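> Residues 61 to 455, numbered by the working numbering, are exactly what the sequence shown covers, in order.
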Amino acid sequence: MQVVIMAAGKGIRCYPLTITKPKPLLKIVDKTLLEHNLEQLKGFVDEVIVVVGYKKEMIMNKVKKVYSGIKIKYVEQKKQLGTGNALMQAEKFVKGRFILMNGDDLFSREDIKNCLRHKYCVLAKEVEDPERFGIVYLKNGFVKEIVEKSENPKSNLANTGLYVFDRKVFDILNNIKKTKRNEYEIPCAVKELAKKEKIHCEKVIDYWIPITYPWNYLEANVFMINRIKKRKINGKIEPNVTIKGIVFIGKDTLIKSGTYIEGPAYIGNDCEIGPNAFIRKDTIIMDEVMTRAEIIDSVLMDKVKAKHNCYIGHSVIGENVNIGAGTISADYRHDAKDNITIVNGEKIDSKRRKLGSFIGDNVNTGIGTLIYPGRKIWPGLGTLPGEVVTKDKIE
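1. Closest to GLY384 by CA distance: which of LYS238, GLU188, PRO433 and ILE427 is it?
2. Which residue comes first and which comes last in the beta strand (DSSP E) that contains GLY373?
3. Could you tell me which of TYR223, TYR134 and GLY163 sits nearest to ALA184, measuring between CA atoms?
4. Please list, in chain order, all residues of the same chain as LYS296 whose beta carbon is under 6 Å from its beta carbon, the five residues on each side excluded.
5. Considering Cα atoms alone, identify which of HIS260, LYS263 and PHE225 is closest to ILE246.
6. From ILE132 to CYS181, what does the alpha carbon distance come to, in whole angstroms?
7. On a Cα-Cα basis, can you pick out the residue from GLU170, VAL376, ILE431 and VAL381 that is closest to TYR392?
8. Given a threshold of 16 other Cβ atoms within 10 Å of its Cβ, counted over all protein chains shown, does ARG227 qualify as buried or as exposed?
9. Which same chain residues, not among the five before or five after LEU176, have their C-beta less than 8 Å away from its C-beta?
10. I'd like the list of long-range same chain contacts for GLU197, defined as Cβ closer than 8 Å, with 5 residues on each side in sequence excluded.
11. For the beta strand (DSSP E) that contains HIS394, what are its first and last residues?
12. Write down the C-beta distance between ILE324 and ILE306 rounded to the nearest angstrom, noting that I regard them as a contact closer than 8 Å.
13. Could you spell out where the alpha helix (DSSP H) holding ALA249 opens and where it closes?
14. Considering only residues of the stretch 194–237, which uninterrupted beta strand (DSSP E) runs meet the minimum length of 3 residues and lie entirely inside it, listed in chain order?
15. Quick check on the burial criterion: 16 or more other C-beta atoms within 10 angstroms. Buried or exposed for ASN145?
16. Going by C-alpha distance, which of MET161, CYS248 and VAL423 is nearest LYS237?
17. Given GLU298, which residues of its chain have a CB within under 7 Å of its CB, disregarding the five upstream and five downstream residues?
18. Rounded to whole angstroms, what's the CA-CA distance from LEU85 to LEU93? Just pull it up for me.
19. Measure the alpha-carbon distance for GLU211 versus LEU147 and round it to whole angstroms.
20. I think ASP165 touches GLY221, with their Cβ atoms under 8 Å apart; what is that distance to the nearest whole Å?
21. According to DSSP, is TRP268 part of a helix, a strand, or is it coil?
22. I'd like to know whether the C-beta atoms of ILE303 and ILE285 end up nearer to each other than 7 Å.
23. Mind checking PHE167: buried by the 16 CB within 10 Å criterion, or exposed?
24. Given 8 Å as the limit, is there contact between the stretch 366–375 and the stretch 412–424, that is, 3 or more CB pairs closer than that?
25. Applying the criterion that 16 or more other CB atoms from any shown protein chain within 10 Å of the CB defines a buried residue, is TYR142 buried or exposed?
26. Start and end of the beta strand (DSSP E) containing HIS96?
27. Measuring only from the beta carbon, is ILE271 closer than 6 Å to any heavy atom that is part of the ligand SAM?
28. How many angstroms separate the CA atom of ILE195 from the CA atom of ASN162?
29. If you draw a straight line from the C-alpha of ILE288 to the C-alpha of ASP342, how long is it?
30. My assumption, with CB atoms under 8 Å, is that LEU98 sits in contact with TYR127. Please give the rounded CB distance.
31. VAL116 lies in the alpha helix (DSSP H); which residues open and close that run?
32. Taking DSSP's pairing of strands, which residues face MET66 in a bridge?
33. Got a sec, what are the start and stop residues for the alpha helix (DSSP H) CYS331 sits in?
34. Based on the DSSP output, what are the partners of LYS173 in its beta bridges?
35. Could you check the C-alpha separation between ILE72 and GLU406 for me, to the nearest Å?
36. Whole angstroms are fine: how far does the CA of GLN140 sit from the CA of ASN235?
What follows is the structure, encoded as C-alpha cells:
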C-alpha cells in the first residue's frame, strides 16, 4: 500500500509558528506532526510519497528516505496551485490504490484502516462549526460531492482531507478546471469520480485534529497529553516537590524544590524546572527548557527560557525564546466573550474564552512585558521593558 502525504503548503494561517518551519515539522509533544502520521501507517504501508514545497529541505532532512521501515519518496510542488495539483506531482510514482492525506492534520491509525475497507473512501467528521470546513454531502449513503467553505452549509459533515483512491483520480485531475480560488482541488475530482463510482464515507471514531490556526496547534498538544494514561518520571526530583495527576518527566530533567506540577502535563528531556515553579494542567514543556514561571494550558517549545517569575497561559512559545521577568500573557477578556484575533489580515473568532499569546522562534521579551490576549510576535523580534503589546508585532 502506498500513501501520498501533501506537505507543501506555507501554513500562513498558523503564523508565526510556521514562519521558520513548515507546519508538518511542528512538534506534537515529542514527535513532529509528520512523524506522528507516519507512526499511524506502520505495519500496513510500504511507501509514502511526500509532496514538499515550502522549506522542503527541512522536511527531507528530518524524515530522510526511510522512517520506521517505510520507504519515503519526495516530489516537489513548485507552485501552490491547490491540493489537486499537489497530488498530480506524485502521479508517476503511484502504482494502484493508495491513501491520500493532508500533512498538517493529525489522523488516527484506527480511522485510516477503517477507510481502507473500501475501494474509494472519504474520511469525515461531524463538527459544531461546519462553516470552517469543506463539507461532505451524501446521496443514498455514498459521497455525492464536497463543497468548500460556505457561510450556511446544509450539513455538519466536515471533510478531513483523507481519501482512498486509485489511479482513476489522475485521469480526472488531468481534465478538471481551476476553481474560483485559481486552484486545482481534490473536491472537484471527488465530485467527478462520484458520478462513476461509489465513494464510501467513513466517520471519525477515534480522532482527527485539523491544525489551521496557532491555537489549534495548542489544542492538538493538549489532546495528546490527555491520552497519556500512566505517570512516568525519568528525571530527578528534589525534596518538597508536589506532583499530582498524570505527569511525564523526561530524562536528565531536574525538578527543583518548591515546584508544584498538576497533571496532565508533559515535561521533556534536559529541562530545569523551578525552584517554586507552578506547572498547571494541560502544559507541554519540550526539551532543554528552563523555567520557574506559572504556566497553564500552554506549549513551550525547545530551549525556551522563562527563568523568573512570570505568567504564561493558553499560549504557544516558540523555540529559543527568552521570556523576561514579569512578562504576563493576558488570556481573558473582561466582557467574557470569545477572543478575536487577526489571521492573515482577517478577524477570526477563536471560539475560545481563554486565549493567550503566540510567540515565534528567537523572540526576547523585556522585563514587565504585558501581552493582550491573542496577540502574536513574529520570530526574531522583541519587546521593550514594560511594553504593552496591543497589536501583533510583525516588524
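All C-beta atoms, glycine included, are put in the ideal place defined by N, C-alpha and C.
None of these values were measured; they are calculated from a predicted model.
In terms of the structure at hand:
1. Looking up residue 384 in the sequence shown gives position 324. With distances taken between Cα atoms, GLY384 lies closest to ILE427.
2. Start at 1 with the first residue of the sequence shown, and residue 373 comes out as number 313. Looking at the DSSP string, the run of the beta strand (DSSP E) that includes GLY373 is 371–373.
3. Residue 184 sits at position 124 when you count from the first residue of the sequence shown. It is TYR223.
4. On the sequence shown, residue 296 is found 236 positions in, with the first residue counted as 1. The residues are LEU314.
5. Here residue 246 is taken as the residue at index 186 of the sequence shown, counted from 1. Answer by Cα proximity: PHE225.
6. Mapped onto the sequence shown, residue 132 falls at position 72. Mapped onto the sequence shown, residue 181 falls at position 121. Approximately 23 Å between the Cα atoms of the pair.
7. Stepping through the sequence shown from its first residue, residue 392 is reached at position 332. Here the closest residue by C-alpha is ILE431.
8. In the sequence shown, residue 227 corresponds to position 167, counting from 1. So ARG227 ends up on the exposed side.
9. As a first step, residue 176 must be located in the sequence shown, where it is residue number 116. Closer than 8 Å at the Cβ level, and outside the excluded window around LEU176, lie MET61, PHE104, ILE159 and VAL224.
10. Working through the sequence shown from its first residue, we reach residue 197 at position 137. Rather than Glu, the amino acid found at residue 197 in this sequence is Tyr. If we look at TYR197 and ignore the five residues flanking it on each side, its Cβ neighbours are VAL203, LYS204, GLU205, ILE206, VAL207, LYS214, SER215 and LEU217.
11. Here the question's residue 394 lines up with position 334 in the sequence shown. Here HIS394 belongs to no beta strand (DSSP E), and DSSP marks it neither H nor E.
12. Translated into the one-based positions of the sequence shown, residue 324 becomes position 264. Translated into the one-based positions of the sequence shown, residue 306 becomes position 246. Per the sequence presented here, residue 324 reads as Pro, with Ile not at that position. Sure, about 5 Å apart at Cβ, within 8 Å.
13. On the sequence shown, position 189 is the one that residue 249 refers to. Its alpha helix (DSSP H) spans residues 246–254.
14. Counting only runs of 3 or more residues that sit fully inside the stretch 194–237, the beta strand (DSSP E) segments are 195–199, 202–207 and 217–225, in chain order.
15. Stepping through the sequence shown from its first residue, residue 145 is reached at position 85. Buried, since its Cβ has 16 or more Cβ neighbours within 10 Å.
16. Start at 1 with the first residue of the sequence shown, and residue 237 comes out as number 177. LYS237 has its Cα closest to that of CYS248, out of MET161, CYS248 and VAL423.
17. Locating residue 298 in the sequence shown gives position 238, where the first residue counts as 1. The residues are ILE315, LYS316 and SER317.
18. Reading the sequence shown from its first residue, position 25 is the one you call residue 85. Reading the sequence shown from its first residue, position 33 is the one you call residue 93. Distance between the alpha carbons of LEU85 and LEU93 is about 6 Å.
19. Reading the sequence shown from its first residue, position 151 is the one you call residue 211. Reading the sequence shown from its first residue, position 87 is the one you call residue 147. The straight-line gap from Cα to Cα measures roughly 28 Å.
20. Position 105 of the sequence shown holds residue 165. Position 161 of the sequence shown holds residue 221. Yes, ASP165 and GLY221 are in contact; Cβ-Cβ is about 6 Å, under 8 Å.
21. For the purposes of this step, residue 268 is taken as residue 208 along the sequence shown, with counting starting at 1. Of the three classes helix, strand and coil, the one that applies to TRP268 here is strand, per DSSP.
22. Position 243 of the sequence shown holds residue 303. Position 225 of the sequence shown holds residue 285. Contact flag unset, no.
23. For this step, residue 167 is matched to residue 107 along the sequence shown. It counts as buried.
24. yes
25. In the sequence shown, counting from the first residue as 1, residue 142 sits at position 82. It is Gly, not Tyr, that sits at residue 142 in the sequence shown. So GLY142 ends up on the buried side.
26. Translated into the one-based positions of the sequence shown, residue 96 becomes position 36. Taken as a continuous stretch (DSSP letters only), HIS96 belongs to no beta strand (DSSP E), being part of the alpha helix (DSSP H) at 93–101.
27. In the structure on display, the ligand SAM does not appear, and there are no ligands present to speak of.
28. Residue 195 sits at position 135 when you count from the first residue of the sequence shown. Residue 162 sits at position 102 when you count from the first residue of the sequence shown. ILE195 and ASN162 have their alpha carbons spaced roughly 16 Å apart.
29. One-based indexing of the sequence shown puts residue 288 at position 228. One-based indexing of the sequence shown puts residue 342 at position 282. So the two alpha carbons sit approximately 11 Å from each other.
30. Position 38 of the sequence shown, counted from the first residue, corresponds to residue 98. Position 67 of the sequence shown, counted from the first residue, corresponds to residue 127. That belief holds up - the Cβ atoms of LEU98 and TYR127 are roughly 5 Å apart, short of 8 Å.
31. Start at 1 with the first residue of the sequence shown, and residue 116 comes out as number 56. Looking at the sequence provided, one finds Lys at residue 116 rather than Val. For LYS116, the enclosing alpha helix (DSSP H) begins and ends at 116–123.
32. By 1-based counting over the sequence shown, the position of residue 66 is 6. DSSP, once it has assigned bridges, lists VAL111 and ASN162 as partnering MET66.
33. Walking along the sequence shown from the start, residue 331 turns up at place 271. DSSP places CYS331 in no alpha helix (DSSP H); its state is neither H nor E.
34. Stepping through the sequence shown from its first residue, residue 173 is reached at position 113. Note: LYS173 is not bridge-paired with any residue in the DSSP secondary-structure output.
35. One-based indexing of the sequence shown puts residue 72 at position 12. One-based indexing of the sequence shown puts residue 406 at position 346. Answer to the nearest angstrom: the Cα atoms are 12 Å apart.
36. Working through the sequence shown from its first residue, we reach residue 235 at position 175. Working through the sequence shown from its first residue, we reach residue 140 at position 80. Using only the alpha carbons, I get a separation of about 18 Å.
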